[in-house]
Amino acid sequence: MMSDIEIAQNATMQPIEEIAAKLGIEEDALEHYGKYKAKIDYNKIDQLEQNGKLILVSAMTPTPAGEGKTTTSVGLGDGLTHIGKKAAVALREPSLGPVFGIKGGAAGGGYAQVVPMEDINLHFTGDLHAIGAANNLVAAMLDNHIYQGNELNIDPRRVAWKRAVDMNDRQLRQIVDGIGKRTNGVPREDGFEITVASEIMAVLCLSNTLTELKEKVKKCVVAYTYDYEPVTIGDIKAQGAVTALLKDALKPNLVQTLEGTPAFIHGGPFANIAHGCSSIMATKMALAHADYVITEAGFGADLGGEKFVNIKSRYANLNPDATVIVATVRALKMHGGVAKADLEKENVEALREGMPNLIKHIENIQDVFGMNAVVAINAFPTDTEAEMQALKEEVEKLGVDVVRSTHFADGGEGAAELAKKVAEIAEKPNNFQFTYDLEDSAEEKLNKIVQRVYGGANVEITRKAARKLQRFEEQGYGNLPICMAKTQYSFSEDKKRIGRPEGFTITVRDVSVSAGAGFIVVLTGDVMRMPGLPSTPSAEKIDVDENGNITGLF
């Protein structure tokens, strides 16, 4: 089988106006970025009626073995098209940091990809560059305000806004700037975060209109005064210029799958730091023009899935009609204690040992969130019949269907059975519900997430975090949703506690307010807002020949 990039480069793509026409979007609404990608001007299309069925793709707790959530999302979109449905996918944009770090690409894989793959993984339509520029404009105006007399009485030790770059660069996590000559600014400790962790990214993804985007930008807290009063982007008069930088980035991007299914790729906040879902704008645009829309939430159902429900669904008024939980035999065996090097060996006992992890995610989707679920087994050649049978037996005890999907190798045809099952359960009523009420106290919200979603015992809030939460309440931020910053590798805050740990305590070490995006970020374990590169970065394998053909993306 060819590599992912070879498959993508050998694909025959359709002109983007033909892809748009499948959705009833006229060419006048397209802003072309070459032949095969375009932005869609939301001012030129009617998207008031969102009548499509929304399918959320989530997953079990991720492992180094890989679960293939994006690949499954793309494959399901092609599967629905294959069985004659009018479908579209709405996914996140890749970040350059992971592309050059560990992932090497994030546009699906095998014969379930979105294309043009190289463009999507690299500069695409410039959205992340625009978000980074907007973020750094705020940083520059904030420091300039302090330098030019500090009329707002900002305490330089309490600047909350970081600079941003779309790259994994641990060297920039903590820096000192403004040193040297007096005209270089006011010296202070500073730092960078990766662009997808910027609040500007979250704001863009959670805005329903350009006007709402500007209002959210205006509310972002950037620093505190010596009296510990919040200072916002509106206070430093930067909201207009920031919105000007973002006005085109807010327009959803349209591309296609290998099989010509329309694909909206727009926005990409991290799920273990931010809310981990693609933009509201793209999701609603897709729902207005397709009968079935497949979207995904980052990492497992305890992270991206929970935030999709309690953050994105609140602000977008969305109710998923069906949820796909992606699992693999390999990942289940890892949760059962098998080392990655031994995954190709049949081990039914280890698979059964790892099943409680998947079962907890099923319980979350069905019982905690009240949604209809189907388990999609992303097939690998090393899966055995005995392992598949054991998996099916355990899941069907819960009254949930299990479908093995071979989209990676077979494209839409390999996902046809999954598509049929999804279309079937999407017609059933559900009991969609939030995990907590916005009127609950921060401690009540946290305990409901930890106890109901994670299966933990309780929450311990440090004195530092408790003081901040009390201050947020006094400042009018008490009714915001919670955005948990937690390891993706465990229900607990300890990534080594795989499977389905119970009786654990989640320690809230620090909190911050993302007043513009509209949530309170809760920091648990050691979650980095600026990742570092691994010992062997994927960037070492990426190259380009004399004709401009890229290799090494996967």
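Here this note's numbering = 1-based position in the sequence shown + 1386.
Every residue, glycine too, gets a C-beta built ideally from N, C-alpha and C.
Note that the structure is a prediction, hence the values are computed from the model and not measured.
Near residue i, what residues of its chain come up, given a Cβ to Cβ distance below 8 Å and the 5 sequence neighbours on each side ignored?
| i | result |
| --- | --- |
| residue 1868 | 1696, 1822, 1828, 1831, 1832, 1835, 1905, 1906 and 1908 |
| residue 1841 | 1746, 1877, 1886, 1887 and 1888 |
| residue 1522 | 1549 and 1550 |
| residue 1739 | 1721, 1722, 1723 and 1885 |
| residue 1546 | 1607, 1608, 1609, 1610 and 1898 |
| residue 1388 | 1396 |
| residue 1632 | 1516, 1517, 1520, 1586, 1590, 1599 and 1603 |
Is the beta carbon of residue j closer than 9 Å to that of residue i?
| i | j | result |
| --- | --- | --- |
| residue 1802 | residue 1765 | no |
| residue 1556 | residue 1919 | yes |
| residue 1511 | residue 1685 | no |
| residue 1707 | residue 1472 | no |
| residue 1479 | residue 1514 | yes |
| residue 1494 | residue 1643 | yes |
| residue 1666 | residue 1584 | no |
| residue 1449 | residue 1717 | yes |
| residue 1444 | residue 1682 | yes |
| residue 1467 | residue 1598 | no |
| residue 1501 | residue 1627 | no |
| residue 1839 | residue 1743 | no |
| residue 1451 | residue 1658 | no |
| residue 1866 | residue 1804 | no |
| residue 1474 | residue 1675 | yes |
| residue 1672 | residue 1650 | yes |
| residue 1498 | residue 1793 | yes |
| residue 1462 | residue 1680 | yes |
| residue 1691 | residue 1755 | yes |
| residue 1760 | residue 1788 | yes |
| residue 1538 | residue 1617 | yes |
State the CB to CB distance for the pair residue i and residue j, rounded to an integer number of angstroms; the pair is presumed to be in contact (CB under 8 Å).
| i | j | result |
| --- | --- | --- |
| residue 1711 | residue 1762 | 7 Å |
| residue 1611 | residue 1541 | 6 Å |
| residue 1937 | residue 1893 | Between residue 1893 and residue 1937 the Cβ distance is about 45 Å, and since that is not below 8 Å, they are no contact. |
| residue 1737 | residue 1773 | 5 Å |
Within 10 angstroms of its Cβ, does residue i collect 16 or more other Cβ (buried), or is it exposed?
| i | result |
| --- | --- |
| residue 1815 | exposed |
| residue 1562 | exposed |
| residue 1661 | buried |
| residue 1558 | buried |
| residue 1418 | exposed |
| residue 1921 | exposed |
| residue 1668 | buried |
| residue 1850 | exposed |
| residue 1863 | buried |
| residue 1434 | exposed |
| residue 1910 | buried |
| residue 1807 | buried |
| residue 1397 | buried |
| residue 1625 | buried |
| residue 1543 | exposed |
| residue 1779 | exposed |
| residue 1420 | exposed |
| residue 1603 | buried |
| residue 1639 | buried |
| residue 1930 | exposed |
| residue 1648 | buried |
| residue 1570 | exposed |
| residue 1800 | buried |
| residue 1912 | exposed |
| residue 1844 | exposed |
| residue 1767 | exposed |
Ignore the nearest five residues each way along the sequence and tell me which others in residue i's own chain have a CB closer than 6 Å to its CB.
| i | result |
| --- | --- |
| residue 1391 | 1939 |
| residue 1576 | 1561 and 1563 |
| residue 1858 | 1899 |
| residue 1581 | 1514, 1517, 1518, 1550 and 1552 |
| residue 1492 | 1480 |
| residue 1572 | 1532, 1533, 1542 and 1564 |
| residue 1407 | none |
What does a CB cutoff of less than 7 Å around residue i pick up in its chain, not counting 5 residues either side in sequence?
| i | result |
| --- | --- |
| residue 1758 | 1708, 1709, 1811, 1814 and 1816 |
| residue 1588 | 1655, 1660, 1661, 1900 and 1903 |
| residue 1487 | 1554, 1917, 1919, 1920, 1923 and 1924 |
| residue 1455 | 1443, 1445, 1682 and 1712 |
Let me know the alpha helix (DSSP H) ranges lying completely inside the stretch 1475-1520, each 4 residues or longer, listed in chain order. 1482-1486 and 1503-1507, all fully within the stretch 1475-1520.
Any alpha helix (DSSP H) of 4 or more consecutive residues that is wholly inside the stretch 1786-1843: 1793-1800, 1802-1811 and 1828-1834, all fully within the stretch 1786-1843.
Quick one: which unbroken alpha helix (DSSP H) runs of 4-plus residues sit fully inside the stretch 1544-1606? Chain order, please. Within the stretch 1544-1606, complete alpha helix (DSSP H) segments of at least 4 residues are found at 1585-1591 and 1596-1605, given in chain order.
May I have a chain-ordered list of the beta strand (DSSP E) segments no shorter than 3 residues that lie completely inside the stretch 1634-1665? Counting only runs of 3 or more, we get 1639-1643 and 1648-1651.
Complete runs of the alpha helix (DSSP H) confined to the stretch 1689-1741 [at least 4 residues]: Qualifying alpha helix (DSSP H) stretches, in chain order: 1699-1702 and 1715-1721.
Which whole runs of the beta strand (DSSP E) in the stretch 1401-1445 are 3 residues long or more, in chain order? Those beta strand (DSSP E) runs which fall completely within the stretch 1401-1445 and span 3+ residues are 1416-1418, 1424-1426 and 1439-1445.
Runs of beta strand (DSSP E) wholly within the stretch 1749-1774 (minimum 3 residues, chain order): The stretch 1749-1774 contains these whole beta strand (DSSP E) runs: 1759-1764.
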